[in-house]
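For reference, the structure is listed below as structure tokens.
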Amino acid sequence: MTSPGEAGAGVRLAGPGHSVAALARSPAGAGAPVVACGVCQTAGFGDMRGALAFLDAETLQPRGPALQLRSGVGAVAWADDGGRVLVFGTDEGSVCAASFGAGPAPHDAPRVEQSKALHAAPVSALAVSLDAGSVASCASDGSIQIFTAMGELVPALRYTASRSPMRSLAFSPLHRSLLLSCGDLGTVTLWDTRIAKAAGIHQANGSPVHALAWADPATGLVACGDELGVVSTFDLRRSVRANRRVHDDVVRCAVRVGAGAKSALLTAGDDGALAVHAVSSGGAGGGAGAPALLRATCRGVAPRGVRCCAVAPLGQASVAVGCSDGVLRTAAVAT
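Residue numbers (the working numbering): 51 to 385.
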């Protein structure tokens, strides 16, 4: 059975009034794995509004100096396979591209090459397509922008998904044009980025949805977590879903770990707990059975809530979680 192990003491990235709001592990082909961490201010004190920090994914030791910023960072994503370009979204609605030059791993602070005010509200999430050809951003203004980070930050597509805040995005790991989004309307929307309209809209549990992940891309199985602590699973092919209350508060992040039969879904949130789920797509061979969370083992990892999570270190069974107290923690995931 898959279960979360004990949480480490963690590394403090920011002082009181700040949270670790975004994490992204560098691509597998980028040499030594690095975790990029976005920090944002959550209370009205302290001189630092936001920062980008870079840590060795195995030791959690700093990899060069942090980049101090005038605004908080709520989303980060590596935009190329070599780990040389990082995109991040700020609480002022800007999307920025930072470069590390020719080196695949950051030893010095990156240089911000571009910054564009693409949204009228804080950027909630970023996602990168399978071929790293497209980057998607969403924000609390209800919009989604599709652009390329390797050129000018000029949107190729803009979706006005709703007038309610958008919370999370996820490109399919198998199809470069399929993008999922979720937000305060309580729905999960499938977009085909080759066209300017939604390919499908699925109702979740009815509460605002904050976290999203492809639980099994091969079968079209999707998972999301909402404001009430409910984790829902969808079969996109058959438009069926299953709901299960797992957390005691808002689910902030969801991530898939492993591959094939050994894959699992991780969720974490404001209750400070990390849950590891075994997920089933339902009936064999695409039958009539509904998708289901077969197991959910939950354990506390943070005293003041988890804001984000990323699988790290590379090739090992552990997860890094960014917490509301400004600390980055790790927890083992035993299989």
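Just so it is clear, CB atoms sit at the ideal spot from N, CA and C, and this is done for glycine as well.
Rounded to a whole number of angstroms, what is the C-alpha to C-alpha distance between residue i and residue j?
{"i": "leucine 110", "j": "arginine 288", "result": "42 Å"}
{"i": "proline 172", "j": "valine 89", "result": "13 Å"}
{"i": "glutamate 163", "j": "phenylalanine 104", "result": "18 Å"}
{"i": "arginine 134", "j": "glutamine 91", "result": "26 Å"}
{"i": "alanine 64", "j": "arginine 99", "result": "10 Å"}
{"i": "serine 227", "j": "isoleucine 194", "result": "14 Å"}
{"i": "glycine 256", "j": "glycine 250", "result": "17 Å"}
{"i": "valine 371", "j": "valine 61", "result": "11 Å"}
{"i": "histidine 327", "j": "histidine 169", "result": "34 Å"}
{"i": "proline 115", "j": "phenylalanine 150", "result": "13 Å"}
{"i": "valine 238", "j": "proline 258", "result": "10 Å"}
{"i": "valine 356", "j": "serine 313", "result": "22 Å"}
{"i": "arginine 294", "j": "aspartate 242", "result": "28 Å"}
{"i": "threonine 347", "j": "alanine 263", "result": "18 Å"}
{"i": "cysteine 146", "j": "glycine 350", "result": "34 Å"}
{"i": "aspartate 299", "j": "alanine 352", "result": "13 Å"}
{"i": "glycine 322", "j": "serine 184", "result": "33 Å"}
{"i": "valine 123", "j": "valine 377", "result": "15 Å"}
{"i": "valine 383", "j": "leucine 117", "result": "30 Å"}
{"i": "threonine 198", "j": "alanine 71", "result": "23 Å"}
{"i": "histidine 297", "j": "alanine 82", "result": "34 Å"}
Closer than 7 Å by C-beta to residue i: which residues in its own chain qualify, once you throw out the five before and the five after it? Chain order, please.
{"i": "alanine 265", "result": "Leu271, Val272, Ala273, Thr283, Arg306, Leu315 and Val329"}
{"i": "leucine 136", "result": "Ala86, Val126, Trp128, Ala129, Ala148 and Pro160"}
{"i": "valine 361", "result": "Arg75, Val305, Val307 and Val369"}
{"i": "valine 301", "result": "His260, Ala261, Gly275, Asp276, Gly279, Val281, Thr317 and Gly319"}
{"i": "alanine 182", "result": "Ala129, Asp130 and Asp131"}
{"i": "isoleucine 196", "result": "Ser184, Ala186, Pro205, Ala206, Leu207 and Thr243"}
Just to check my reading of the structure: residue i and residue j have Cβ atoms closer than 8 Å, yes? What is that Cβ distance to the nearest angstrom?
{"i": "leucine 119", "j": "lysine 166", "result": "Incorrect: roughly 15 Å between the Cβ atoms, too far for contact."}
{"i": "proline 215", "j": "serine 190", "result": "4 Å"}
{"i": "arginine 213", "j": "glycine 192", "result": "5 Å"}
{"i": "leucine 324", "j": "alanine 381", "result": "6 Å"}
{"i": "leucine 73", "j": "cysteine 358", "result": "5 Å"}
{"i": "phenylalanine 138", "j": "valine 178", "result": "Not really, about 12 Å apart at Cβ, beyond 8 Å."}
{"i": "serine 69", "j": "cysteine 373", "result": "7 Å"}
Starting from residue i, follow the beta strand (DSSP E) in both directions and report where the run begins and ends.
{"i": "valine 290", "result": "290 to 295"}
{"i": "glutamate 142", "result": "Segment: none, glutamate 142 is in no beta strand (DSSP E) and carries neither H nor E."}
{"i": "glutamate 277", "result": "From DSSP, glutamate 277 is part of no beta strand (DSSP E); its letter is neither H nor E."}
{"i": "phenylalanine 104", "result": "100 to 106"}
{"i": "phenylalanine 150", "result": "Phenylalanine 150 -> no beta strand (DSSP E), and no H or E assigned at all."}
{"i": "aspartate 130", "result": "Segment: none, aspartate 130 is in no beta strand (DSSP E) and carries neither H nor E."}
{"i": "glutamate 202", "result": "Glutamate 202 -> no beta strand (DSSP E), and no H or E assigned at all."}
{"i": "glycine 355", "result": "It is not in any beta strand (DSSP E) - glycine 355 carries neither H nor E in the DSSP assignment."}
{"i": "glycine 322", "result": "No beta strand (DSSP E) holds glycine 322; DSSP gives it neither H nor E."}
{"i": "glutamine 118", "result": "117 to 119"}
{"i": "aspartate 266", "result": "259 to 266"}
{"i": "glutamine 1", "result": "The chain is shown only over 51 to 385; residue 1 falls outside these bounds and no answer can be derived."}
{"i": "arginine 306", "result": "301 to 307"}
{"i": "arginine 75", "result": "68 to 75"}
{"i": "serine 174", "result": "173 to 178"}
{"i": "serine 368", "result": "368 to 373"}
{"i": "glutamine 195", "result": "193 to 197"}
{"i": "alanine 186", "result": "185 to 189"}
{"i": "alanine 86", "result": "84 to 91"}
Can you name, in chain order, every residue of its own chain whose Cβ lies under 6 Å from the Cβ of residue i, other than the five neighbours on each side?
{"i": "threonine 375", "result": "Reading the sequence as shown, one finds aspartate at residue 375 and not threonine. Excluding residues within five positions, the ones whose Cβ falls inside 6 Å are Arg354."}
{"i": "alanine 175", "result": "Ala125, Cys188, Ser218 and Leu219"}
{"i": "leucine 180", "result": "Arg226"}
{"i": "leucine 224", "result": "Pro267"}
{"i": "serine 121", "result": "Arg99, Gly100, Thr140, Asp141 and Glu142"}
{"i": "aspartate 234", "result": "Ser214, Pro215 and Pro258"}
{"i": "serine 144", "result": "Ser165 and Ala167"}
{"i": "cysteine 232", "result": "Arg217, Ser218, Val238, Val259, Leu262 and Cys274"}
Go through its chain and collect everything with a Cβ distance to residue i's Cβ below 8 Å, but skip five positions before and after it.
{"i": "leucine 240", "result": "Leu228, Leu229, Leu230, Ala248, Ala249, Gly250, Ile251, His252 and Leu286"}
{"i": "alanine 246", "result": "Leu207 and Tyr209"}
Are any of the Cβ atoms in chain B nearer than 8 Å to that of residue i?
{"i": "valine 259", "result": "Checking the listed chains, one finds no chain B in this structure; it contains a single protein chain."}
Minimum length 3: unbroken beta strand (DSSP E) runs contained in the segment 209 to 247: Under the rule that a run must span 3 or more residues, the beta strand (DSSP E) segments found entirely inside the segment 209 to 247 read 216 to 221, 228 to 233 and 237 to 242.
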